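Protein sequences appear in the order of chains A and B. Residues in the first sequence are numbered consecutively from 1, following this note's numbering. Residues in the second sequence are numbered consecutively from 508, following this note's numbering. Each residue gets a CB set at the ideal place from its N, CA and C atoms; glycine is no exception. It should be emphasised that the depicted structure is a prediction, and the values quoted were computed from it without experimental measurement. All remarks here apply to the structure that follows.
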Amino acid sequence: MAAGGVRWGPAAVAALVAAAVLGPLAAVALRGGEVAALAPADWAALRFTLAQAAVSAALSVLLAVPVARALARRRFPGRGLFVTLTGAPFILPGIVAVMGLVAVFGRSGWLAAGLAPLGLPPPRLYGAQGVVLAHVFLNLPLAVRMILNGWAAIPGERLRLAAALDLPPGAVVRHVEVPMLRAVVPGAFVAVFLICTTSFAVALTLGGGPAATTVELAVFHAIRFEFDLARGAALAGVQVMLCTAAAAAAGALAAPSGLAGGLGRVAALRPRGAWLAAQDAAVLVSAGLFLALPIAAVLAGGAAALPVLPDAVWPAAARTLVVALPSAALAVAGALALSGGRRRQAAGMLPLAASPLALGTGLFLIVFPLADPAAVALPVTVAVNAILALPFALRLIAPARAEVAAAEGRLARSLGLPPAAVWRLVILPRLRRPIGLALGLAAALAAGDLGAIALFAREGGETLPLLVQRLMAAYRMEAAAAAALVLAAVSFALFAAFDLWGRRADA
Amino acid sequence: MLTLEAMRIEAGGFRLAADWAVPAGARVALIGPSGAGKSTLLAAIAGFQPLAGGRILWQGADLGPLDPGRRPVSILFQDNNLFPHLTVAQNLGLALNPHLRLGPGDRARIAAALDRVGLGGRGDDRPGRLSGGEQGRAALARVLLRPRPVLLLDEPFAALGPGLRADMLALVRAVAAEAGALTILVTHDPADARRFAQTVAFVHAGLAHPPADAAALFAAPPPALAAYLGRE
Numbered sequence: 001m002a003a004g005g006v007r008w009g010p011a012a013v014a015a016l017v018a019a020a021v022l023g024p025l026a027a028v029a030l031r032g033g034e035v036a037a038l039a040p041a042d043w044a045a046l047r048f049t050l051a052q053a054a055v056s057a058a059l060s061v062l063l064a065v066p067v068a069r070a071l072a073r074r075r076f077p078g079r080g081l082f083v084t085l086t087g088a089p090f091i092l093p094g095i096v097a098v099m100g101l102v103a104v105f106g107r108s109g110w111l112a113a114g115l116a117p118l119g120l121p122p123p124r125l126y127g128a129q130g131v132v133l134a135h136v137f138l139n140l141p142l143a144v145r146m147i148l149n150g151w152a153a154i155p156g157e158r159l160r161l162a163a164a165l166d167l168p169p170g171a172v173v174r175h176v177e178v179p180m181l182r183a184v185v186p187g188a189f190v191a192v193f194l195i196c197t198t199s200f201a202v203a204l205t206l207g208g209g210p211a212a213t214t215v216e217l218a219v220f221h222a223i224r225f226e227f228d229l230a231r232g233a234a235l236a237g238v239q240v241m242l243c244t245a246a247a248a249a250a251g252a253l254a255a256p257s258g259l260a261g262g263l264g265r266v267a268a269l270r271p272r273g274a275w276l277a278a279q280d281a282a283v284l285v286s287a288g289l290f291l292a293l294p295i296a297a298v299l300a301g302g303a304a305a306l307p308v309l310p311d312a313v314w315p316a317a318a319r320t321l322v323v324a325l326p327s328a329a330l331a332v333a334g335a336l337a338l339s340g341g342r343r344r345q346a347a348g349m350l351p352l353a354a355s356p357l358a359l360g361t362g363l364f365l366i367v368f369p370l371a372d373p374a375a376v377a378l379p380v381t382v383a384v385n386a387i388l389a390l391p392f393a394l395r396l397i398a399p400a401r402a403e404v405a406a407a408e409g410r411l412a413r414s415l416g417l418p419p420a421a422v423w424r425l426v427i428l429p430r431l432r433r434p435i436g437l438a439l440g441l442a443a444a445l446a447a448g449d450l451g452a453i454a455l456f457a458r459e460g461g462e463t464l465p466l467l468v469q470r471l472m473a474a475y476r477m478e479a480a481a482a483a484a485l486v487l488a489a490v491s492f493a494l495f496a497a498f499d500l501w502g503r504r505a506d507a
Numbered sequence: 508m509l510t511l512e513a514m515r516i517e518a519g520g521f522r523l524a525a526d527w528a529v530p531a532g533a534r535v536a537l538i539g540p541s542g543a544g545k546s547t548l549l550a551a552i553a554g555f556q557p558l559a560g561g562r563i564l565w566q567g568a569d570l571g572p573l574d575p576g577r578r579p580v581s582i583l584f585q586d587n588n589l590f591p592h593l594t595v596a597q598n599l600g601l602a603l604n605p606h607l608r609l610g611p612g613d614r615a616r617i618a619a620a621l622d623r624v625g626l627g628g629r630g631d632d633r634p635g636r637l638s639g640g641e642q643g644r645a646a647l648a649r650v651l652l653r654p655r656p657v658l659l660l661d662e663p664f665a666a667l668g669p670g671l672r673a674d675m676l677a678l679v680r681a682v683a684a685e686a687g688a689l690t691i692l693v694t695h696d697p698a699d700a701r702r703f704a705q706t707v708a709f710v711h712a713g714l715a716h717p718p719a720d721a722a723a724l725f726a727a728p729p730p731a732l733a734a735y736l737g738r739e
């Protein structure tokens, strides 16, 4: 039976993924076994991580509800664009978002310029409030998409029933919308919470100090500056436990997907009245400005600073591509191999228990006795990003794979197509769309990654995100703005190229 | 000779048994109420439904160890008989070369098969541009290209109107005769069964009865069949 050889492949991939996740984590556990290595500052980091993640998630979801509601019940020109733009933060590198926020909310930013004539002091961006602000900026759109999906999924029959019974608006809210929110909001909260617990770029640039250090950042400091590997490993272990608990909670709540799904139709829910319309308009305009202004600031600031674009940008851009393309290819190849069965998919979800710095620390501990960490910075970054992107790629690809198997699997088997032909002629062409989307997301995530690379790379070995961060840290803000623009362009170009390729399916 | 030897299927609370044989080249109809197991019986012969007991043999050889694609069987399902992203010609080409490496000779055979089912010139269309009847014809054309001695039809024309269905069944008869294939047709419609089949097997209450002569069976149906047919 030819099938024997086929089943062997995915099992090997599953084992490889498990080894790639559990190997570094084992190295972390062996080295950081004793929690005694943790200093009081590290417990403060854990508390801050939990607190800022909880506040960021709560604010993101609270603000997302009115935005999603306004989007759900209004039709206006530019609505499609608004919804599309809520997808942008998936691909916007964290460090670029920080650049934009600094340009708008920083000491000499646009907001400070507006406040000064009123005699008001400039806002203070650095510290806990900056970390939360950045997390809300990055995750509000995700929460909006998830909750908007919830509105779109309200069965039309239920709205028709409400209309037939002539329920007043308050009753519609109570019987239709609140039950939906009760189902969707916890999942959205936990998803954002999980993302915020592993935040590194934001904490590195806007946080820091005893009051605003996350566990990820503490790992980085312990290894990079204090060279205290035992403490770094113990912190990485704490991070893994945190991720595992949050991922388990997210899994139990079945986090709604913000990535795909029809966000088009919720027409039946359109209330009348100028007051409500004004309210929705105000919500949408404020949210739109909050999300668009920092991006506009990156574009404007970067364009103005292009004349001082540092030469280091081009080699850094080349390194970024060297990281992003293989990482995306590996993540998607792994997702394809693991998409065929439930147990294999479980293996593909293992990376959710890890964070970039935890995996990076484990690999650092493995590599350090053998080789110069800086020499393997790029391969390690490729591996870490491929592993971390795998669950996302799998989530995009597995449902489509199951659909193809259900619709055409029997036909392929009845014709006796050999496995290679099934892959080439059936699975790959039918999955082209999710494959394109997954490649685009994985490439953009890897291009924007500032985790493993910061741990491993030395001066002169930067990728674009690391270059932007180091220029910022050196207060070369113009050069950083120019480099951030190049990074944003690279990320968006990678995403758009792969996604367009995928959309040409069935053309 | 296709032999169902003390064959038993069990799935959850569902059970079906059969113990009979039909000769090569015969035309058999399976009729019976929904959920009786007509499609499941076809799936078992095609290799998609594992057996709880007994064997299915073709010319004395047990089909049990064979994957669906290795069995001497072509099957047309109710739907999804064509890959929607491949052209009609490519769908037919899969019967000639599963990797679609097709030479000029192959292309000529595909064109001839399409002509034979009245779809000449439609080879470059995607299945989505074909009507339901045309999709059925295209699937039959693929059967023509790789004739196998057993042809199973799981109500592939159920969605067509009566006139079109009669045309399709006539085409199936012609295709089966050309290939010399044993043909088993699942249908709800006694008229289809009478028109198409020499023998009819009634599937009811967990049992697939042995095929009986169509004319005689319908002339004097046993009580359960009479009830199904709505005759007192």
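If the cut is a Cβ gap below 7 Å, which residues of chain B does residue i touch?
{"i": "E408/A", "result": "N587, F590"}
{"i": "A421/A", "result": "P605, H606"}
Residue i touches chain A at which residues, Cβ-Cβ below 7 Å?
{"i": "R577/B", "result": "G416"}
{"i": "F555/B", "result": "R410"}
What is the DSSP secondary structure of residue i, counted as helix, strand or coil?
{"i": "L692/B", "result": "strand"}
{"i": "R578/B", "result": "coil"}
{"i": "V624/B", "result": "coil"}
{"i": "L259/A", "result": "With a pLDDT of 44 at L259/A, under the threshold of 50, the predicted position of this residue should be treated as unreliable, and no value is reported."}
{"i": "M472/A", "result": "helix"}
{"i": "R265/A", "result": "No answer about R265/A holds up, because its pLDDT of 44 lies below 50 and its placement is not dependable."}
{"i": "A568/B", "result": "strand"}
{"i": "H716/B", "result": "coil"}
{"i": "L499/A", "result": "The sequence given here places Asp at residue 499/A; Leu does not occur at that position. Reduced to three states, the DSSP call for D499/A is helix."}
{"i": "E478/A", "result": "helix"}
{"i": "L678/B", "result": "helix"}
{"i": "H592/B", "result": "coil"}
{"i": "F193/A", "result": "helix"}
{"i": "M508/B", "result": "coil"}
Which residues in chain B sit within 9 Å of residue i, going by Cβ to Cβ distance?
{"i": "P429/A", "result": "F590, H592, L593"}
Could you tell me the distance, in whole angstroms, from the CA atom of residue i to the CA atom of residue j?
{"i": "L652/B", "j": "W565/B", "result": "21 Å"}
{"i": "F290/A", "j": "G237/A", "result": "36 Å"}
{"i": "A553/B", "j": "A389/A", "result": "40 Å"}
{"i": "V144/A", "j": "V136/A", "result": "11 Å"}
{"i": "W314/A", "j": "G643/B", "result": "58 Å"}
{"i": "G302/A", "j": "P93/A", "result": "15 Å"}
{"i": "L511/B", "j": "G561/B", "result": "8 Å"}
{"i": "L396/A", "j": "L428/A", "result": "14 Å"}
{"i": "A234/A", "j": "A39/A", "result": "10 Å"}
{"i": "L599/B", "j": "A645/B", "result": "8 Å"}
{"i": "A479/A", "j": "A420/A", "result": "50 Å"}
{"i": "G630/B", "j": "A54/A", "result": "59 Å"}
{"i": "A282/A", "j": "P77/A", "result": "16 Å"}
{"i": "P66/A", "j": "L140/A", "result": "11 Å"}
{"i": "A734/B", "j": "H711/B", "result": "11 Å"}
{"i": "A493/A", "j": "I563/B", "result": "57 Å"}
Do residue j and residue i come within 9 Å of each other at the CB atom, strictly closer than that value?
{"i": "L676/B", "j": "L549/B", "result": "no"}
{"i": "S541/B", "j": "H716/B", "result": "no"}
{"i": "A317/A", "j": "L464/A", "result": "yes"}
{"i": "G620/B", "j": "A648/B", "result": "At residue 620/B the sequence reads Ala, which differs from the Gly that was named. Cβ atoms of A620/B and A648/B: closer than 9 Å."}
{"i": "L589/B", "j": "V580/B", "result": "no"}
{"i": "T214/A", "j": "Q469/A", "result": "no"}
{"i": "A304/A", "j": "A481/A", "result": "yes"}
{"i": "L411/A", "j": "L607/B", "result": "no"}
Who are the neighbours of residue i on chain A, taking C-beta pairs under 8 Å?
{"i": "A602/B", "result": "L415"}
{"i": "I582/B", "result": "S414"}
In chain B, which residues lie less than 8 Å from residue i when you measure between Cβ atoms?
{"i": "A354/A", "result": "Going along chain B, no residue has its Cβ under 8 Å from A354/A, so there is no contact; the nearest lies around 36 Å."}
Q) Quick one: any contact between the segment 319–329 of chain A and the segment 441–454 of chain A, if contact means 3 or more CB pairs under 8 Å? A) These segments touch.
Q | Inter-stretch contact at 8 Å, needing at least 3 Cβ pairs: the segment 192–200 of chain A / the segment 67–87 of chain A | A | Contact between the segment 192–200 of chain A and the segment 67–87 of chain A is not established, with fewer than three Cβ pairs separated by less than 8 Å.
Q: Determine, using beta-carbon pairs with one atom in the segment 384–402 of chain A and one in the segment 339–351 of chain A, whether at least three such pairs fall under 8 Å.
A: Under the Cβ criterion (8 Å, minimum of three pairs), the segment 384–402 of chain A counts as touching the segment 339–351 of chain A.
Q.
Would you call the segment 607–621 of chain B in contact with the segment 694–711 of chain B, where contact means no fewer than 3 C-beta pairs closer than 8 Å?
A. Three or more Cβ pairs closer than 8 Å define a contact, and the segment 607–621 of chain B falls short of that threshold against the segment 694–711 of chain B.
Q: Could you tell me whether the segment 352–369 of chain A touches the segment 512–527 of chain B, where touching means 3 or more Cβ pairs closer than 8 Å?
A: Contact between the segment 352–369 of chain A and the segment 512–527 of chain B is absent: fewer than three C-beta pairs spanning the two stretches fall below 8 Å.
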